[in-house]
Every structure is written in structure tokens, then in C-alpha cells.
Amino acid sequence: MRLDLYWIPLGAGERPGQGVVRVCGRIFETLASLVDRRPRQRLFHSALIVTANSGVVTTVEMAPIPSGSGSIDRGVVAEGTVGMKWLHRLRVFRYEVRCWPNGSIPDLAYSLASPVLITDVPALVQKALDSLSDVPTPVWGRDEMQTGEMWNSNSVIAWVLARSGLDDAAGPPPENGRAPGWDAGLAVAGRTID
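Quick note on numbering: the sequence shown equals residues 106 to 299 in the working numbering.
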């Protein structure tokens with residue numbers, strides 16, 4: 106059994122909406138780099154994949170709730186709101202955290218310097234999976250947890266790894282990139298470790 110981290114460039118792929126993600130990411134990073142007085146960096150989205158000895162692959166990530174999802178079981182373990190709490194009634198403003206056996210991550214083929222082996226110790230992999238039942242779900246794109254950084258998909262992955270004592274194995278994103286929200290996940294996990 107193994108747990109791997111994947112670094113996926115923000116907006117990678119040609120799925121509908123990815124162009125908007127790329128443009129918004131560039132605008133965000135341009136503004137952030139101006140405020141921080143540093144060069145712009147490539148932005149990354151992170152996800153985890155667990156591969157069992159039986160060959161079953163389980164994907165772990167935060168993603169938008171798809172339209173017309175019907176009864177497809179995506180292994181949803183939590184849901185949260187995007188942008189502002191009062192928007193939660195609209196599907197387009199909600200996200201889900203998935204722990205999806207035999208699931209897929211649409212942009213995985215675009216990942217760079219991946220997979221990063223986090224651990225191949227079954228008990229630690231299971232600890233990471235078990236932590237998902239407690240994952241926080243603050244509003245995406247906001248700093249409700251007062252960490253100095255917005256909560257997003259990277260926050261969830263960093264939180265899972267930190268709660269499991271595995272965050273050091275992740276290392277930095279490739280190509281001198283950034284994973285906005287990562288530090289928020291680490292900070293919140295540090296507050297909640299038993």
C-alpha cells in the first residue's frame with residue numbers, strides 16, 4: 106500500500122472551464138507577487154492517490170460538485186461553500202472533498218514531478234485516509250480560519266498530510282512553484298492535532 110502526492114499545474118487540461126481557471130490563477134498570482142514583492146510563480150493544485158496492494162486506486166482531492174452528477178458515488182466525505190456562505194444553496198458554489206475508490210482525477214496526466222511517494226507504510230496510509238472524516242470545510246477562497254491564507258484544495262491535502270504526520274514528505278511544489286492554501290492546511294492541522 107502506498108500514498109502518493111501529485112502536483113498538477115493550476116488550470117491544466119482542456120476540460121470546459123479550465124481556461125477561466127488559468128486566467129484567474131494568473132491574475133491572482135500577479136497580484137500576490139506584487140503585494141509580496143517577488144517574481145511570479147507557477148501555481149499548483151495537489152491531490153493524493155492511495156494504491157492498495159490489491160491494485161485498487163483511491164483518489165483524494167477537493168473539487169467542484171459537478172452538474173448532473175446523479176447517483177454517481179464519488180466517495181464524498183465532506184462538502185463546503187465557495188466564496189461566501191450565503192451562496193451554499195447553489196451547487197456551483199459548493200465543493201466536495203472526495204476519497205474515491207476507483208476514482209479519477211481528470212488532470213492527473215498533466216502533473217509534474219509526480220508522483221511523490223509520501224509513505225508505503227500501510228498504517229500511515231490508513232491514518233491519512235481516516236483523517237478525512239474530520240477534514241474542516243471552511244469557505245473556499247476565504248481566510249475564515251485566520252491563517253493568513255485562503256482555504257482551498259491545497260489546504261485539504263496539506264491538512265490530511267499534517268494530521269497524519271506526513272507533511273514533511275511532500276516537499277515543495279516543482280519548478281519553484283507555489284501551492285496557495287498549503288500553509289493554511291498546515292496551520293489548521295497544527296491547531297487540531299490531538
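For glycine and all other residues, C-beta sits at the position ideal for the given N, C-alpha and C. Since the model is a prediction, treat every value here as computed from it, not as a measurement.
Whole-Å CB distance - residue i paired with residue j, under 8 Å assumed
| i | j | result |
| --- | --- | --- |
| residue 165 | residue 156 | 12 Å between Cβ atoms; not a contact. |
| residue 221 | residue 291 | Not confirmed; about 16 Å, so no contact. |
| residue 172 | residue 196 | 7 Å |
| residue 170 | residue 194 | With 8 Å as the limit, residue 170 and residue 194 do not qualify as a contact, their Cβ atoms being about 12 Å apart. |
Beta carbon of residue i nearer than 9 Å to that of residue j
| i | j | result |
| --- | --- | --- |
| residue 213 | residue 154 | yes |
| residue 284 | residue 108 | no |
| residue 114 | residue 276 | no |
| residue 264 | residue 186 | no |
| residue 106 | residue 225 | yes |
Residue from the options whose Cα sits closest to the Cα of residue i
| i | options | result |
| --- | --- | --- |
| residue 210 | 197, 120 and 107 | 120 |
| residue 232 | 191, 143, 270 and 127 | 270 |
| residue 168 | 139, 218, 256 and 145 | 256 |
| residue 239 | 248, 262, 219 and 223 | 262 |
| residue 178 | 234, 242 and 202 | 202 |
| residue 268 | 192, 296 and 247 | 296 |
Cα-Cα separation between residue i and residue j, rounded to whole angstroms
| i | j | result |
| --- | --- | --- |
| residue 287 | residue 159 | 31 Å |
| residue 289 | residue 151 | 14 Å |
| residue 126 | residue 137 | 16 Å |
| residue 117 | residue 123 | 7 Å |
| residue 250 | residue 208 | 30 Å |
| residue 236 | residue 143 | 35 Å |
| residue 204 | residue 294 | 18 Å |
| residue 183 | residue 252 | 21 Å |
| residue 130 | residue 227 | 36 Å |
| residue 132 | residue 146 | 12 Å |
| residue 218 | residue 135 | 24 Å |
| residue 112 | residue 279 | 7 Å |
beta-carbon residue i near the ligand SAM non-hydrogen atom, thresh 8 Å
| i | result |
| --- | --- |
| residue 244 | Of the ligands one can find in the structure shown there are none, so the ligand SAM has no counterpart to examine. |
_Report the start-end ranges of each beta strand (DSSP E) in the segment 164–232 that is 3 residues or longer and not cut off at the edges._
181–186, 199–206 and 217–224
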